[in-house]
Amino acid sequence: MEEALKAFPKTADGKPIIYQDPSSPVALVYDKSKRDTPVTHYAGCLDRVLACARANTIEHFPACVPMIKRCPDNRGGEDCCPTACVQQFQALISEGKEVMDAIGESFMEGGCIEGFESRSRTPVTKANLPPARHQNVPTDPPKADRSKRKEVGENFTLIFGGLKDRYKNDKTLLTFPPTPAKVPCGKPYTWTQQDIDRWSTIGFAPKQPCNYSYSVVTGPSIGLGPKDLLVIQAVGDLDCDGTTSYFSNAVGEHTTVFGRELYHAPGVYATRRDE
Numbered sequence: 020m021e022e023a024l025k026a027f028p029k030t031a032d033g034k035p036i037i038y039q040d041p042s043s044p045v046a047l048v049y050d051k052s053k054r055d056t057p058v059t060h061y062a063g064c065l066d067r068v069l070a071c072a073r074a075n076t077i078e079h080f081p082a083c084v085p086m087i088k089r090c091p092d093n094r095g096g097e098d099c100c101p102t103a104c105v106q107q108f109q110a111l112i113s114e115g116k117e118v119m120d121a122i123g124e125s126f127m128e129g130g131c132i133e134g135f136e137s138r139s140r141t142p143v144t145k146a147n148l149p150p151a152r153h154q155n156v157p158t159d160p161p162k163a164d165r166s167k168r169k170e171v172g173e174n175f176t177l178i179f180g181g182l183k184d185r186y187k188n189d190k191t192l193l194t195f196p197p198t199p200a201k202v203p204c205g206k207p208y209t210w211t212q213q214d215i216d217r218w219s220t221i222g223f224a225p226k227q228p229c230n231y232s233y234s235v236v237t238g239p240s241i242g243l244g245p246k247d248l249l250v251i252q253a254v255g256d257l258d259c260d261g262t263t264s265y266f267s268n269a270v271g272e273h274t275t276v277f278g279r280e281l282y283h284a285p286g287v288y289a290t291r292r293d294e
């Protein structure tokens, strides 16, 4: 677990920040002096998930999941995952979810760890909602919006594949400006030939049209991820209200039997994902 925790940003007194919404001063922090809690059990499970992710490509990650050490029960433990988390991930994959989305909605969401959701998440109330928008908060986003979000996972996978192949060939780390420069506002954007040419160095051409603006920047990222070299980002405004959603996937480097290679965080970090 200690190795995995090194990847997290730290508080002023050195405690790993497991999760923090950029729009809120509240953070989920790991305190090793309080080991037997839902939060530490959550960190322990993520440690096992990260070990799987580092040892496998994203395509082969599902085959590694059954080998994750299981906890005695769904309360979790220091170096294992509850059976409920593994089963939730496998069910999402069976439903056709992308691997990164399935990881995010099972292991990273953490509700499969008994006690974690109720004790470790801030409830939605009028006090912590954005001004003047609390009357319109959906409990479940429209199916169309969920379909549009799927685009992000698909394009992140393609972008990472291109970055990894380029790095394997010549150890070059490439960045790309937001494309399109202006975030699409309620209307999908069709990439121009100039846009496609700009990203051709990694062979990325998105599915057309795009509901999000994509970029690759140098690290660090916000939220959960490896010690970053690059961060893949997507920004959207599906309802064109001026409030944007943000998605990111951190990219790091590790040593494999094939030499130094790039790898990415097992899940996509997202804030205001339904915007």
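Numbered by my numbering, the letters in the sequence shown go through residues 20 to 294 in order. Beta carbons are placed, not taken as given, at the ideal position from N, Cα and C, and that holds for glycine.
Next item on the list: Could you check if D256 is buried or exposed, using at least 16 other CB atoms within 10 Å of its CB as the buried criterion?
Entry: buried
Check: Mind checking H273: buried by the 16 CB within 10 Å criterion, or exposed?
Finding: exposed
Notebook entry, point to check: To which residues of the same chain is Y208 closer than 7 Å at the C-beta, ignoring the five residues directly before and after it?
Noted result: P199, P228, C229
Notebook entry, point to check: Going straight from the alpha carbon of D55 to that of N268, what length do you get?
Noted result: 30 Å
Item checked: Paired residues, beta bridge with V270 - DSSP -> L249, H283
Next item on the list: Would you decide whether A151 is buried or exposed? Buried here means 16 or more other CB atoms lie within 10 Å of its CB.
Entry: With a pLDDT of only 35 at A151, under the threshold of 50, the placement of this residue in the model should not be trusted; the figure read from the coordinates follows. A151 is exposed by the Cβ-count criterion.
Next item on the list: Please classify L192: does DSSP put it in a helix, a strand, or coil?
Entry: coil
Check: What's the gap between the Cα of V171 and the Cα of D92?
Finding: 34 Å
Note to self: Does the structure place the segment 57 to 67 close enough to the segment 84 to 102 that three or more beta carbon pairs sit under 8 Å?
What the structure shows: yes
Margin query: At the level of alpha carbons, what is the spacing between P225 and T76?
Written below: 21 Å
Margin query: Can you check which of these residues, V48, C100, I112, is closest to E133 by C-alpha distance?
Written below: C100
Notebook entry, point to check: Residues in its own chain within less than 6 Å of V287 by CB, not counting five upstream and five downstream?
Noted result: M119, G123, F266, N268
Checklist line | Contact set for P81: own chain, Cβ-Cβ below 6 Å, skip 5 residues either direction | finding: I112
Notebook entry, point to check: DSSP three-state call for R94: helix, strand or coil?
Noted result: coil
Notebook entry, point to check: Applying the criterion that 16 or more other CB atoms from any shown protein chain within 10 Å of the CB defines a buried residue, is S219 buried or exposed?
Noted result: exposed
Note to self: So, with DSSP's three-state summary, where would you put R89?
What the structure shows: strand
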